[in-house]
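Chemist: First the structure, which I've put down as C-alpha coordinates, then a few questions once you've had a look.
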(Lines of atoms letter the chains of each structure in order from A and count residues from 1; the text may use other names and numbers.)
(Lines give C-alpha, C1' and ligand atoms only; values in the text may rest on other atoms or scores of the structure.)
Protein backbone atom coordinates (compact mmCIF):
# COMPACT_ATOMS: atom_id res chain seq x y z
CA UNK A 1 0.00 0.00 0.00
CA UNK A 2 2.86 2.36 0.74
CA UNK A 3 4.04 1.93 -2.84
CA UNK A 4 0.60 3.00 -4.09
CA UNK A 5 0.66 6.06 -1.83
CA UNK A 6 4.20 7.04 -2.83
CA UNK A 7 3.38 6.73 -6.52
CA UNK A 8 0.20 8.81 -6.26
CA UNK A 9 1.92 11.51 -4.20
CA UNK A 10 4.83 11.72 -6.65
CA UNK A 11 2.48 12.02 -9.63
CA UNK A 12 0.28 14.66 -8.00
CA UNK A 13 3.25 16.70 -6.82
CA UNK A 14 4.81 16.59 -10.30
CA UNK A 15 1.49 17.74 -11.78
CA UNK A 16 1.27 20.65 -9.32
CA UNK A 17 -1.90 19.27 -7.73
CA UNK A 18 -0.34 19.10 -4.25
CA UNK A 19 2.53 20.83 -2.47
CA UNK A 20 4.37 20.52 0.88
CA UNK A 21 2.37 22.05 3.72
CA UNK A 22 2.87 23.69 7.11
CA UNK A 23 -0.83 23.58 7.94
CA UNK A 24 -2.26 22.83 11.38
CA UNK A 25 -4.82 20.61 9.64
CA UNK A 26 -4.22 16.97 8.77
CA UNK A 27 -6.65 14.46 7.25
CA UNK A 28 -5.85 10.76 6.89
CA UNK A 29 -5.13 8.95 3.64
CA UNK A 30 -7.42 6.06 2.72
CA UNK A 31 -6.68 3.42 0.09
CA UNK A 32 -9.82 2.00 -1.52
CA UNK A 33 -9.74 -1.21 -3.55
CA UNK A 34 -11.66 -0.93 -6.83
CA UNK A 35 -13.63 -3.68 -8.55
CA UNK A 36 -10.82 -4.26 -11.05
CA UNK A 37 -8.41 -5.01 -8.20
CA UNK A 38 -6.55 -1.72 -8.48
CA UNK A 39 -6.38 0.79 -5.66
CA UNK A 40 -7.66 4.36 -5.42
CA UNK A 41 -5.84 6.99 -3.35
CA UNK A 42 -8.35 9.00 -1.28
CA UNK A 43 -8.33 11.53 1.55
CA UNK A 44 -10.84 11.20 4.38
CA UNK A 45 -12.10 14.77 4.85
CA UNK A 46 -14.81 13.82 7.39
CA UNK A 47 -13.42 16.03 10.16
CA UNK A 48 -12.99 18.94 7.76
CA UNK A 49 -16.55 18.52 6.51
CA UNK A 50 -17.86 18.46 10.08
CA UNK A 51 -16.62 22.00 10.75
CA UNK A 52 -17.07 23.68 7.36
CA UNK A 53 -20.21 25.10 5.80
CA UNK A 54 -21.94 23.08 3.12
CA UNK A 55 -22.44 24.91 -0.16
CA UNK A 56 -26.09 25.70 -0.85
CA UNK A 57 -25.76 26.04 -4.62
CA UNK A 58 -28.28 23.61 -6.16
CA UNK A 59 -27.38 20.70 -8.40
CA UNK A 60 -29.60 20.05 -11.42
CA UNK A 61 -32.37 17.51 -11.03
CA UNK A 62 -31.37 14.52 -13.12
CA UNK A 63 -34.96 13.75 -14.13
CA UNK A 64 -35.53 17.31 -15.34
CA UNK A 65 -32.29 17.25 -17.33
CA UNK A 66 -33.17 13.95 -18.99
CA UNK A 67 -36.60 15.26 -19.95
CA UNK A 68 -34.97 18.18 -21.76
CA UNK A 69 -32.91 15.76 -23.86
CA UNK A 70 -35.93 13.82 -25.05
CA UNK A 71 -36.27 13.72 -28.85
CA UNK A 72 -32.95 15.42 -29.67
CA UNK A 73 -31.55 14.66 -33.14
CA UNK A 74 -27.84 15.26 -32.46
CA UNK A 75 -26.15 14.88 -29.09
CA UNK A 76 -22.65 15.57 -27.77
CA UNK A 77 -21.23 14.84 -24.33
CA UNK A 78 -18.12 16.66 -23.12
CA UNK A 79 -16.16 15.42 -20.13
CA UNK A 80 -13.84 17.72 -18.20
CA UNK A 81 -10.49 16.13 -17.41
CA UNK A 82 -10.06 15.80 -13.64
CA UNK A 83 -12.68 18.49 -13.32
CA UNK A 84 -12.23 19.33 -9.65
CA UNK A 85 -8.49 19.65 -10.11
CA UNK A 86 -9.07 22.49 -12.55
CA UNK A 87 -10.46 24.66 -9.75
CA UNK A 88 -7.73 26.56 -7.84
CA UNK A 89 -8.16 27.01 -4.08
CA UNK A 90 -5.63 29.68 -3.02
CA UNK A 91 -7.30 30.52 0.31
CA UNK A 92 -8.37 27.01 1.33
CA UNK A 93 -5.17 25.09 0.73
CA UNK A 94 -4.22 24.59 4.41
CA UNK A 95 -7.61 23.01 5.14
CA UNK A 96 -6.92 20.26 2.59
CA UNK A 97 -3.67 19.12 4.23
CA UNK A 98 -3.01 15.40 4.68
CA UNK A 99 -0.22 13.33 6.17
CA UNK A 100 1.96 10.84 4.30
CA UNK A 101 3.90 8.64 6.76
CA UNK A 102 7.62 8.99 6.15
CA UNK A 103 7.18 11.90 3.73
CA UNK A 104 5.48 14.63 5.73
CA UNK A 105 2.50 16.93 5.30
CA UNK A 106 1.01 17.96 1.94
CA UNK A 107 -1.88 20.12 0.85
CA UNK A 108 -3.87 20.49 -2.36
CA UNK A 109 -3.37 23.49 -4.62
CA UNK A 110 -6.69 22.71 -6.31
CA UNK A 111 -10.10 21.51 -5.17
CA UNK A 112 -9.84 17.86 -4.05
CA UNK A 113 -12.48 15.16 -4.14
CA UNK A 114 -14.19 14.45 -0.82
CA UNK A 115 -15.08 17.96 0.36
CA UNK A 116 -18.84 18.13 0.80
CA UNK A 117 -19.08 21.50 -0.97
CA UNK A 118 -17.01 20.43 -3.98
CA UNK A 119 -19.96 19.35 -6.19
CA UNK A 120 -21.86 22.60 -5.59
CA UNK A 121 -18.72 24.68 -6.17
CA UNK A 122 -17.98 22.91 -9.44
CA UNK A 123 -21.58 23.16 -10.66
CA UNK A 124 -21.58 26.90 -9.95
CA UNK A 125 -18.35 27.32 -11.91
CA UNK A 126 -19.65 25.53 -15.00
CA UNK A 127 -22.97 27.37 -14.85
CA UNK A 128 -21.11 30.69 -14.75
CA UNK A 129 -18.77 29.72 -17.60
CA UNK A 130 -21.47 28.49 -19.96
CA UNK A 131 -24.23 30.80 -18.77
CA UNK A 132 -27.99 30.52 -19.31
CA UNK A 133 -27.82 31.92 -22.85
CA UNK A 134 -27.11 28.52 -24.41
CA UNK A 135 -30.20 26.84 -22.98
CA UNK A 136 -32.19 24.87 -24.05
CA UNK A 137 -29.36 23.35 -26.09
CA UNK A 138 -26.54 23.10 -23.54
CA UNK A 139 -26.84 21.50 -20.10
CA UNK A 140 -24.33 20.88 -17.33
CA UNK A 141 -24.33 18.17 -14.69
CA UNK A 142 -21.12 18.44 -12.65
CA UNK A 143 -18.26 17.54 -15.02
CA UNK A 144 -20.55 16.45 -17.87
CA UNK A 145 -21.68 18.92 -20.52
CA UNK A 146 -24.47 17.94 -22.93
CA UNK A 147 -25.09 19.70 -26.25
CA UNK A 148 -28.23 18.91 -28.27
CA UNK A 149 -29.66 20.23 -31.52
CA UNK A 150 -32.06 19.51 -34.36
CA UNK A 151 -29.61 20.23 -37.19
CA UNK A 152 -25.93 19.53 -37.78
CA UNK A 153 -25.13 23.17 -38.58
CA UNK A 154 -26.71 24.33 -35.34
CA UNK A 155 -24.74 21.67 -33.48
CA UNK A 156 -21.47 22.82 -35.04
CA UNK A 157 -22.06 26.44 -33.99
CA UNK A 158 -23.11 25.45 -30.47
CA UNK A 159 -19.95 23.38 -30.01
CA UNK A 160 -17.81 26.25 -31.26
CA UNK A 161 -19.35 28.58 -28.67
CA UNK A 162 -18.99 26.04 -25.85
CA UNK A 163 -15.33 25.46 -26.77
CA UNK A 164 -14.71 29.22 -26.81
CA UNK A 165 -16.14 29.67 -23.34
CA UNK A 166 -14.23 26.69 -21.93
CA UNK A 167 -11.02 27.97 -23.50
CA UNK A 168 -11.53 31.45 -22.05
CA UNK A 169 -12.00 29.87 -18.62
CA UNK A 170 -8.93 27.64 -19.17
CA UNK A 171 -10.94 24.48 -18.64
CA UNK A 172 -9.68 21.33 -20.35
CA UNK A 173 -11.63 18.39 -21.76
CA UNK A 174 -10.82 14.70 -21.74
CA UNK A 175 -11.12 13.73 -25.45
CA UNK A 176 -11.23 10.01 -24.68
CA UNK A 177 -14.49 10.44 -22.76
CA UNK A 178 -16.18 12.87 -25.15
CA UNK A 179 -18.69 11.81 -27.80
CA UNK A 180 -19.45 14.16 -30.64
CA UNK A 181 -22.62 14.62 -32.69
CA UNK A 182 -24.16 11.19 -32.19
CA UNK A 183 -27.81 10.23 -32.65
CA UNK A 184 -27.89 7.75 -29.77
CA UNK A 185 -26.25 8.32 -26.41
CA UNK A 186 -25.82 6.57 -23.06
CA UNK A 187 -26.00 9.16 -20.31
CA UNK A 188 -26.44 8.83 -16.55
CA UNK A 189 -27.63 5.23 -16.89
CA UNK A 190 -30.13 5.99 -19.66
CA UNK A 191 -30.24 5.59 -23.43
CA UNK A 192 -31.30 8.76 -25.24
CA UNK A 193 -32.19 9.08 -28.92
CA UNK A 194 -34.80 10.49 -31.27
CA UNK A 195 -37.41 8.06 -29.95
CA UNK A 196 -37.07 9.15 -26.33
CA UNK A 197 -35.45 7.94 -23.11
CA UNK A 198 -35.01 4.31 -22.10
CA UNK A 199 -33.18 2.36 -19.45
CA UNK A 200 -29.64 1.19 -20.15
CA UNK A 201 -29.79 -2.64 -20.36
CA UNK A 202 -26.35 -2.96 -18.75
CA UNK A 203 -27.42 -0.90 -15.73
CA UNK A 204 -30.71 -2.77 -15.45
CA UNK A 205 -28.79 -6.05 -15.37
CA UNK A 206 -26.63 -4.67 -12.56
CA UNK A 207 -29.77 -3.98 -10.50
CA UNK A 208 -31.38 -7.33 -11.36
CA UNK A 209 -28.21 -9.25 -10.47
CA UNK A 210 -27.55 -7.35 -7.24
CA UNK A 211 -26.69 -9.77 -4.41
CA UNK A 212 -29.09 -9.94 -1.48
CA UNK A 213 -28.13 -7.23 1.06
CA UNK A 214 -26.75 -8.35 4.41
CA UNK A 215 -26.25 -4.95 6.03
CA UNK A 216 -27.92 -1.54 6.16
CA UNK A 217 -25.06 -0.11 4.11
CA UNK A 218 -25.69 -2.65 1.37
CA UNK A 219 -29.42 -1.82 1.40
CA UNK A 220 -28.60 1.86 0.93
CA UNK A 221 -26.27 1.02 -1.94
CA UNK A 222 -28.97 -1.03 -3.66
CA UNK A 223 -31.63 1.65 -3.19
CA UNK A 224 -29.26 4.27 -4.57
CA UNK A 225 -28.72 2.22 -7.71
CA UNK A 226 -32.37 1.22 -8.17
CA UNK A 227 -33.59 4.79 -7.64
CA UNK A 228 -32.05 5.83 -10.95
CA UNK A 229 -34.95 4.05 -12.64
CA UNK A 230 -37.79 4.99 -10.34
CA UNK A 231 -39.44 6.94 -13.17
CA UNK A 232 -39.94 3.65 -15.02
CA UNK A 233 -41.43 1.79 -12.02
CA UNK A 234 -44.99 2.59 -10.96
CA UNK A 235 -45.36 3.09 -7.20
CA UNK A 236 -41.60 2.75 -6.69
CA UNK A 237 -41.63 4.37 -3.23
CA UNK A 238 -44.40 2.06 -2.02
CA UNK A 239 -42.68 -1.04 -3.37
CA UNK A 240 -39.37 -0.34 -1.62
CA UNK A 241 -40.91 0.76 1.70
CA UNK A 242 -39.79 -2.42 3.54
CA UNK A 243 -36.23 -1.68 2.43
CA UNK A 244 -36.26 2.01 3.29
CA UNK A 245 -37.56 1.12 6.76
CA UNK A 246 -34.35 -0.83 7.34
CA UNK A 247 -32.25 2.30 6.75
CA UNK A 248 -33.95 4.40 9.42
CA UNK A 249 -32.11 5.28 12.62
CA UNK A 250 -32.30 2.59 15.31
CA UNK A 251 -34.24 0.28 12.97
CA UNK A 252 -33.95 -3.40 13.83
CA UNK A 253 -32.47 -5.55 11.07
CA UNK A 254 -35.05 -7.98 9.70
CA UNK A 255 -34.92 -9.72 6.33
CA UNK A 256 -38.19 -11.53 5.82
CA UNK A 257 -40.80 -12.11 3.13
CA UNK A 258 -41.71 -8.42 2.77
CA UNK A 259 -38.09 -7.33 2.38
CA UNK A 260 -37.34 -10.15 -0.03
CA UNK A 261 -40.38 -9.28 -2.15
CA UNK A 262 -39.43 -5.59 -2.23
CA UNK A 263 -35.87 -6.51 -3.20
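In our numbering, the protein residues as written are 68 to 330.
We put the beta carbon where it would ideally sit given N, CA and C, even for glycine.
From a predicted model like this one, the values you see are computed outputs, not experimental measurements.
Which one or two residues does DSSP pair with residue 107 in a beta bridge?
Modeler: According to DSSP, residue 107 bridges with 99.
Chemist: Looking only at its chain, what residues have a beta carbon closer than 7 Å to the beta carbon of residue 171, apart from the 5 residues adjacent to it on each side?
Modeler: Correct list, in chain order: 87.
Chemist: May I ask which residues mark the beginning and end of the alpha helix (DSSP H) holding residue 201?
Modeler: Neither: residue 201 is in no alpha helix (DSSP H) and is coded neither H nor E.
Chemist: With a CB to CB cut of under 6 Å and the five nearest residues on each side skipped, what residues in its chain are close to residue 29?
Modeler: Residue numbering for the chain in the displayed model covers 68 to 330; residue 29 lies beyond these limits and cannot be assessed.
Chemist: Using C-beta distances below 8 Å, list every residue in its chain close to residue 266, excluding the 5 sequence neighbours before and after it, in chain order.
Modeler: So the list reads 256, 257, 258, 296, 299, once near-sequence residues are dropped.
Chemist: Which one of 143, 239, 72 has the shortest CA to CA distance from residue 95?
Modeler: Checking every option, the nearest Cα to that of residue 95 belongs to 72.
Chemist: Can you tell which of 329, 260, 268, 181 has the C-alpha that lies nearest to the C-alpha of residue 117?
Modeler: Selected option, being the one with the closest Cα: 181.
Chemist: Give me the Cβ distance between residue 148 and residue 240, rounded to the nearest whole Å; I'm assuming they're in contact under 8 Å.
Modeler: With 8 Å as the limit, residue 148 and residue 240 qualify as a contact, their Cβ atoms being about 6 Å apart.
Chemist: For residue 93, I'd like the list of residues in its chain whose CB is within less than 7 Å of its CB, leaving aside the five on either flank, ordered along the chain.
Modeler: Answer for residue 93: 164, 165, 166, 172, listed in chain order.
Chemist: Could you check where the beta strand (DSSP E) with residue 213 kicks off and where it finishes?
Modeler: That run of the beta strand (DSSP E) goes 211 to 216.
Chemist: Hey, would you say residue 139 sits closer than 8 Å to residue 215, going by beta carbons?
Modeler: A contact, by the Cβ cut-off of 8 Å.
Chemist: Which word fits residue 210, buried or exposed, when buried means at least 16 other C-beta atoms lie within 10 angstroms of its C-beta?
Modeler: Flag for residue 210 reads buried.
Chemist: For residue 257, which three-state DSSP category applies?
Modeler: Strand.
Chemist: With DSSP collapsed to three states, give me the class of residue 219.
Modeler: If DSSP states are grouped into helix, strand and coil, residue 219 belongs with the helices.
Chemist: Please report how far the alpha carbon of residue 223 lies from the alpha carbon of residue 252, in whole angstroms.
Modeler: Taking the straight line joining both Cα atoms gives about 18 Å.
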